[in-house]
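Below you'll find the structure, written out as structure tokens, and then a few comments.
Residue numbers (my numbering): 128 to 346.
Right, dumping it as structure tokens:
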């Protein structure tokens, strides 16, 4: 069966003046060679030029994920990247991409890791990476909670009282500490259906920023 894939390439501003093996054309060539060798058809390319991989909030990647989310209408079976850090530099973010691909029934291929989640071996490796991502989330959460507990024990006023429940504040701070942008955190809360402090409307980067700012002011 012919596998139809979307090609994804990315370079940061720093990559442009550094290692040519990370360049857009080098990534395209690697993906094209792999597709020819394996009999895949590349149906569309998505690109983020000059953007960091610190989070997944990038126009090109967002568009690719939206295309793969179109159940019954999508024209591709998976997403291919030449290198893991082109998709994400965060284990947590990559773990979430893997989980999303599993739920929506499309595959992720990363050439430098020889990872292909359409195969049994690829799914096993992906499972290990997801477990490691969960471990990292829990460690960050424990550190955040411990730091807040110390400040509370010292009698510190942790900023202006917030209407955001403590459990959600902890989640926001975990993700912020892990390197996610304010907009990315807001988007994830909305995607998960997490109710806002008023029970209506959508999470915004402004509200998330308020939680982070109060935490930093108390530091």
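A virtual CB, placed ideally from N, CA and C, is assigned to each residue, including glycine.
N-terminal and C-terminal residue of the alpha helix (DSSP H) that residue i is part of
i: residue 304; result: 293-304
i: residue 162; result: 151-165
i: residue 220; result: 218-231
Cut-off 6 Å between Cβ atoms - residues of its own chain near residue i, not counting five sequence neighbours on either side
i: residue 137; result: 175, 213
i: residue 187; result: 173, 174, 175
i: residue 237; result: 208, 211
i: residue 268; result: 301
Proximity of residue i and residue j at Cβ, strictly below 8 Å
i: residue 313; j: residue 330; result: yes
i: residue 222; j: residue 251; result: no
i: residue 228; j: residue 244; result: yes
i: residue 169; j: residue 159; result: yes
i: residue 401; j: residue 129; result: Any property of residue 401 remains undetermined from this structure, which presents the chain solely from 128 to 346.
Which listed residue (the options) has its alpha carbon closest to that of residue i
i: residue 340; options: 296, 322, 194, 324; result: 296
i: residue 253; options: 266, 234, 157; result: 234
i: residue 215; options: 323, 197, 178; result: 178
i: residue 347; options: 217, 249, 133; result: In the structure as shown, the chain starts at 128 and stops at 346, and residue 347 therefore has no counterpart that could be examined.
i: residue 232; options: 241, 267, 249, 196; result: 196
i: residue 315; options: 156, 220, 262; result: 220
i: residue 171; options: 317, 131, 156, 292; result: 131
Boundaries (first-last residue) of the beta strand (DSSP E) holding residue i
i: residue 234; result: 234-237
i: residue 208; result: 205-208
i: residue 212; result: It is not in any beta strand (DSSP E) - residue 212 instead sits in the alpha helix (DSSP H) that spans 211-214.
Sequence-distant residues of the same chain with beta carbon closer than 7 Å to residue i, five excluded per side
i: residue 271; result: 297, 300, 301, 304
i: residue 307; result: 182
i: residue 191; result: 133, 135, 173, 206
i: residue 335; result: 299, 309, 312, 313
i: residue 249; result: 242, 243
query = Is the region 199-207 touching the region 315-329, taking contact as three or more C-beta pairs under 8 Å?
reply = Because the criterion of three Cβ pairs below 8 Å is not met, the region 199-207 and the region 315-329 do not touch.
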